[in-house]
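Below you'll find the structure, written out as structure tokens, and then a few comments.
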Amino acid sequence: MAEPLRIALAGLGTVGAGLIRLLDANRDLIARRAGRDIRIVAVSARDRTKDRGVDLSRFAWEDDMTAMASRDDVDVVVELVGGSDGPALTLARNAI
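In the working numbering, the protein residues as written are 70 to 165.
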């Protein structure tokens, strides 16, 4: 199998936390269909202390979400912060 696809996830609201749960619950199926493991390696959100119902301790936490696009261990940045300006726009531009 190919090297894992490493994801940085910005935004841990309903959709972001749901994505983590979905990947956890369907890891083997997704890896089989994608031909590689899909791994979240870094996360970021406004409030680090908020309970999201998922274990975030296994991921690197970035206080500055815009820095996630520059990490050497990230292949894909998933922006789920929302809005069309501010940090979301900066993150999208940095990722490109």
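By construction, the Cβ of each residue, glycine as well, lies at the ideal position given by its N, Cα and C atoms. Remember, predicted model here, so these are calculated numbers, not experimental data.
Specify the secondary structure class of residue i as computed by DSSP and reduced to three states.
| i | result |
| --- | --- |
| Ile107 | strand |
| Ala71 | coil |
| Ala114 | coil |
| Val84 | helix |
| Gly155 | helix |
| Arg140 | coil |
| Ile99 | helix |
| Ile89 | helix |
How many angstroms separate the CA atom of residue i from the CA atom of residue j?
| i | j | result |
| --- | --- | --- |
| Ser139 | Ala71 | 22 Å |
| Thr159 | Ile107 | 25 Å |
| Asp124 | Ala103 | 24 Å |
| Ile89 | Asn95 | 10 Å |
| Arg105 | Asp93 | 14 Å |
| Ala136 | Arg101 | 31 Å |
| Arg115 | Ile165 | 22 Å |
| Ala79 | Asp141 | 16 Å |
| Val146 | Leu98 | 22 Å |
| Gly151 | Phe128 | 21 Å |
| Ala157 | Val84 | 15 Å |
| Ser153 | Met134 | 15 Å |
Measure how close the beta-carbons of residue i and residue j come, nearest whole angstrom, since I'm counting them as under 8 Å.
| i | j | result |
| --- | --- | --- |
| Arg121 | Trp130 | So it is not a contact: roughly 12 Å between Cβ atoms. |
| Val143 | Ala86 | So it is not a contact: roughly 19 Å between Cβ atoms. |
| Arg75 | Val110 | 5 Å |
When DSSP builds the beta bridges, which residues end up paired with residue i?
| i | result |
| --- | --- |
| Val150 | Looking at the DSSP assignment, Val150 forms no beta bridge with any residue, so it has no partner. |
| Ile76 | Ile109 and Val145 |
| Ala129 | Ala111 |
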